[in-house]
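**Student:** My structure is below; once you've seen it, I'll send some questions.
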Amino acid sequence: MTEPGEWLIYRGAGEPHGGITQLPPPPPWRDFAGRDASSDGSADRRLGGYRHEAELHRPGAEELEMINAALYLRRPLLVTGSPGAGKSTLAHSVAHELGLGRVLRWPIVSRSTLLEGLYHYDAIARLQDVQIAAHRASADGATEGGEHQDPSADIGSYIRLGPLGTALLPSEQPRVLLIDELDKSDIDLPNDLLNVLEEGEFGIPELERIADRLPDGEAEVLTDDGTKVKVKGGRVQCRAFPFVVLTSNGERDFPAPLMRRCIHLELGRPDHQRLATFVRAHLGDEAARAGNDLIAHFLERSRSELISTDQLLNAIYLTDTAAPAGRDRLADLLIQRLDRPR
Ligand SMILES: Nc1ncnc2c1ncn2[C@@H]1O[C@H](COP(=O)(O)OP(=O)(O)O)[C@@H](O)[C@H]1O
Ligand SMILES: [Mg+2]
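Structure, rendered in structure tokens:
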């Protein structure tokens, strides 16, 4: 492809055509095919599929020390820095290197509550099921005195642990929990969270109430991974404290008690070497070489504008794969500044 515009698949001409079959495969970080249930493919999507072949830059000494301090001290790691600094990916890097399994992810929005992170009890579904069962029983003309089941026995089937609740299940190795963009939360969430993270346990009142009527006091509930686990006495208590990564774009300050109990790591804006590493990890050495000037231009712009690494990856991928002609203009179109209304 040499002519500008030759890569366009949707042409805006109004005439239907079969061009969609010409669409090349997606960039690796947007490839959702071939996920397997255990890993959900997120390691490759976030860390890059080329990272094993490419020569990679190592995290800085301070970054390594703070991550290890959080691991040793069983404290949450609060990671701050501008968008695209690599805050969220850090959780995946640690989980991947230490073989800690799928990262439990809790994306925070302004209406997120502690309860949602811990568990969800679907009272309405249960009510419907009870009504349907009662209806069937009366239609069948069932009489009293048959095997009479405790109506509370099945409450566990309507409980699903959230990412935080799942991270606190007892396990030999710590789970990795990413509480992403905590600065988007409502004012109370950081403090609420602090209590649970201090205690490493929580109760599920719906189960605590009926625990003495359950076999061995245990109820089976669903986890955030979609598996079933037994919860005894309605309480979830961690054994290995999870590796908790709290991220923040710095949109607001956190209360002092939270800061005091976290290990704080500030990720600086990635430099040329680090950006080149990201590009190599996702797109390979050749693409990184070809995109070198775009990286330099990106860095130049990032001194005065808020732009993100993801935009740079998009620009290098698209200009490399689809549109070598007019690439600088296209790159500038894709890397739009995020810090002022357009
Ligand atoms: N260690 C890494 N290896 C490869 N790519 C990375 C790494 N860290 C970050 N990236 C890439 O950089 C981009 C921004 O990272 P992200 O973690 O989303 O930043 P943040 O959460 O700080 O906004 C993502 O596209 C991600 O894939
Ligand atoms: Mg992020």
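Everything in the sequence shown is counted per my numbering, starting at 30 for the first residue and increasing by one. Even glycine gets a Cβ: it sits at the ideal position worked out from N, Cα and C.
Relative to the C-alpha of Pro192, which candidate in Arg104, Gln157, Gly47, Val274 has its C-alpha closest?
**Tutor:** The shortest Cα separation from Pro192 among Arg104, Gln157, Gly47, Val274 belongs to Val274.
**Student:** Which of the three DSSP states is assigned to Asp212 in this structure?
**Tutor:** helix
**Student:** Alpha carbons only, please: which of Arg281, Val225, Leu341 is nearest the one belonging to Thr109?
**Tutor:** Arg281
**Student:** Quick check on DSSP: helix, strand or coil for Gly246?
**Tutor:** Note: Gly246 maps to helix in three-state DSSP.
**Student:** Under a CB-based cut-off of 9 Å, is Gly279 close to chain B?
**Tutor:** Of the chains in the structure shown, none is chain B; there is only one protein chain.
**Student:** Touching or not, the region 286-301 and the region 325-342, by the rule of three or more beta carbon pairs under 8 Å?
**Tutor:** yes
**Student:** Quick one: using the 10 Å Cβ neighbour count with 16 as the cut-off for buried, is Phe61 buried or exposed?
**Tutor:** exposed
**Student:** Rounding to the nearest angstrom, what Cα-Cα distance links Met30 and Val265 in this structure?
**Tutor:** Residue placement at Met30 cannot be trusted, given a pLDDT of 47 that sits under 50; what the coordinates show is reported in the next sentence. Each residue's alpha carbon lies about 58 Å from the other.
**Student:** So Glu227 and Arg268 are supposed to be a Cβ contact under 8 Å. How far apart are they, rounded?
**Tutor:** For Glu227 against Arg268, the beta-carbon gap comes to about 16 Å, at or over 8 Å, which does not count as contact.
**Student:** What three-state label does DSSP hand Ser277 in the structure shown?
**Tutor:** strand
**Student:** Can you give the Cα-Cα distance for Asn278 and Leu211, rounded to whole angstroms?
**Tutor:** 9 Å
**Student:** Around the C-beta of Ala310, are 16 or more other C-beta atoms found within 10 angstroms, so that it is buried, or is it exposed?
**Tutor:** buried
**Student:** According to DSSP, which residues form a beta bridge with Glu230?
**Tutor:** Gln266
**Student:** Alpha carbon to alpha carbon, how far is Asp357 from Asn343? Give it in angstroms, no decimals.
**Tutor:** Approximately 13 Å, taken between the alpha carbons.
**Student:** With distances taken between CB atoms, is the gap from Val250 to Arg189 smaller than 9 Å?
**Tutor:** yes
**Student:** State yes or no: is the C-beta of Thr109 nearer than 8 Å to some heavy atom of ligand 2?
**Tutor:** No, the beta carbon of Thr109 sits no closer than 8 Å to any heavy atom of ligand 2.
**Student:** Which residues share a DSSP beta bridge with Thr109?
**Tutor:** Ser277, Glu295, per the DSSP bridge assignment.
**Student:** Report the partner residues of Trp135 according to the DSSP bridge assignment.
**Tutor:** Ile208
**Student:** Below 8 Å, is the gap between the Cβ of Thr338 and the nearest heavy atom of ligand 2?
**Tutor:** no
**Student:** With DSSP as the reference, label Arg330 as helix, strand or coil.
**Tutor:** helix
**Student:** Measure the C-alpha to C-alpha separation of Leu347 and Ala98 and round it to an integer number of angstroms.
**Tutor:** Pairing Leu347 with Ala98, the inter-Cα distance amounts to about 39 Å.
**Student:** Taking 8 Å as the cut-off, does the CB of Asp60 come closer than this to any heavy atom belonging to ligand 1?
**Tutor:** no
**Student:** Taking 8 Å as the threshold, find out whether the region 305-325 comes into contact with the region 143-151 through three or more Cβ pairs.
**Tutor:** no
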